[in-house]
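Position in the sequence shown (from 1) plus 6 gives the number in this note's numbering. C-beta atoms are modelled at their ideal positions from N, C-alpha and C, and glycine is treated no differently.
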Amino acid sequence: MQTIENQFLKVSINPLGAELVSLFNKENHTEYMWNADPAFWGKSSPVLFPIVGALKNNQYFYQGKTYTLPRHGFARERVFSVEVQKEDSITFLLKEDEESLKVFPFPFEFRLIYTLVEKTLSVSYSVRNTGNEEMYFSVGGHPAFAVPLSEDTVYEDYYLEFNQTEDFQRWELADGGLIKKEATRFLENTNRLALTKELFYQDALVFKHQKSTEVILKSDKVSKQLKFTFENFPFLGIWAAINANFVCIEPWCGIADSENHEQELTEKEGIEVLASDQIFLRTWSVSL
Numbered sequence: 007m008q009t010i011e012n013q014f015l016k017v018s019i020n021p022l023g024a025e026l027v028s029l030f031n032k033e034n035h036t037e038y039m040w041n042a043d044p045a046f047w048g049k050s051s052p053v054l055f056p057i058v059g060a061l062k063n064n065q066y067f068y069q070g071k072t073y074t075l076p077r078h079g080f081a082r083e084r085v086f087s088v089e090v091q092k093e094d095s096i097t098f099l100l101k102e103d104e105e106s107l108k109v110f111p112f113p114f115e116f117r118l119i120y121t122l123v124e125k126t127l128s129v130s131y132s133v134r135n136t137g138n139e140e141m142y143f144s145v146g147g148h149p150a151f152a153v154p155l156s157e158d159t160v161y162e163d164y165y166l167e168f169n170q171t172e173d174f175q176r177w178e179l180a181d182g183g184l185i186k187k188e189a190t191r192f193l194e195n196t197n198r199l200a201l202t203k204e205l206f207y208q209d210a211l212v213f214k215h216q217k218s219t220e221v222i223l224k225s226d227k228v229s230k231q232l233k234f235t236f237e238n239f240p241f242l243g244i245w246a247a248i249n250a251n252f253v254c255i256e257p258w259c260g261i262a263d264s265e266n267h268e269q270e271l272t273e274k275e276g277i278e279v280l281a282s283d284q285i286f287l288r289t290w291s292v293s294l
């Protein structure tokens, strides 16, 4: 484990996947991350790269060739190197290799940058195209926060409060994790989503082009809460494993294939395109 800290927070990151595993508040002695109990879900904050979600038949087509990738890509299963480390920040680096080029034919430098400023942890995704041609990719977060945050509360005491009033349509997931062709009405004229275990019995809640850039995980019964900020991420997932004590707030630049997608990478919904030697940067943050 690699650790960064300041007077308020202590953060631990596993170089395997550069995965955030602990966000500890020193003031109230509270752990805000899910404990990755494998009985429910053995992850805490995997990074999604170079795709988000599932591909149709786990395959995509690019320049006349067929490539295979598992759901959410390969970065979460790769060991990142530590490029820069300071007391309150750390940068992890992953580059293409012989194995990655077999499934994703683009040279790249992918950095995860963790930075502490007072009571806020910022997580940045930096993608550099080190090849000579345009690069097509997606990237996203999957952090799982513990719910409840206090022993004298229960899961159903908590809700998500968005910073904009939303009319959310839910894009449900079909078999294989593909996005269904039509959305369903979900939330209308509200900024609040009450948390229940049943909410996730039919897999993740997937939203597109939401207005909100912040959401607060909170309960009216306790003062402990967290504010999650995610600007310039056009897609958002909310998920928990069945009956597990966490909620994932997932900002995405990219989305799973739809049921009727023809699997061409360049035509994939939400795909990012990066010119040679250019850098793509997105940041989400959590404030306690």
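Since I believe Thr126 is in contact with Ser282 (beta carbons under 8 Å), could you give me their beta-carbon distance rounded to a whole number of angstroms?
No, Ser282 and Thr126 are not in contact; Cβ-Cβ is about 34 Å, not under 8 Å.
Within 10 angstroms of its Cβ, does Tyr207 collect 16 or more other Cβ (buried), or is it exposed?
exposed
Within 8 Å, strictly: CB atoms of Ser218 and Gln170
yes
Using CA atoms only, rank isn't needed, just tell me which of Val253, Tyr68, Met7, Val160 is closest to Asp226.
Val160
Mind checking which residues open and close the beta strand (DSSP E) that includes Val27?
25-31
Quick one: which unbroken alpha helix (DSSP H) runs of 4-plus residues sit fully inside the region 101-156? Chain order, please.
104-109
With DSSP collapsed to three states, give me the class of Arg176.
Three-state result, Arg176: strand.
Compare the Cα-Cα distances from Ala152 to each of Cys259, Phe30, Leu280 and report the closest residue.
Phe30
Okay, do the region 99-110 and the region 260-268 touch, 3+ Cβ pairs below 8 Å being the bar?
no
Inter-residue Cα distance where the pair is Phe192 and Pro240
18 Å
Does the contact criterion of 3 or more C-beta pairs under 8 Å hold for the region 176-195 versus the region 47-65?
yes
Less than 8 Å between the beta carbons of Glu237 and Trp245, yes or no?
no
Helix, strand or coil, according to DSSP, for Arg82 in the structure here?
helix
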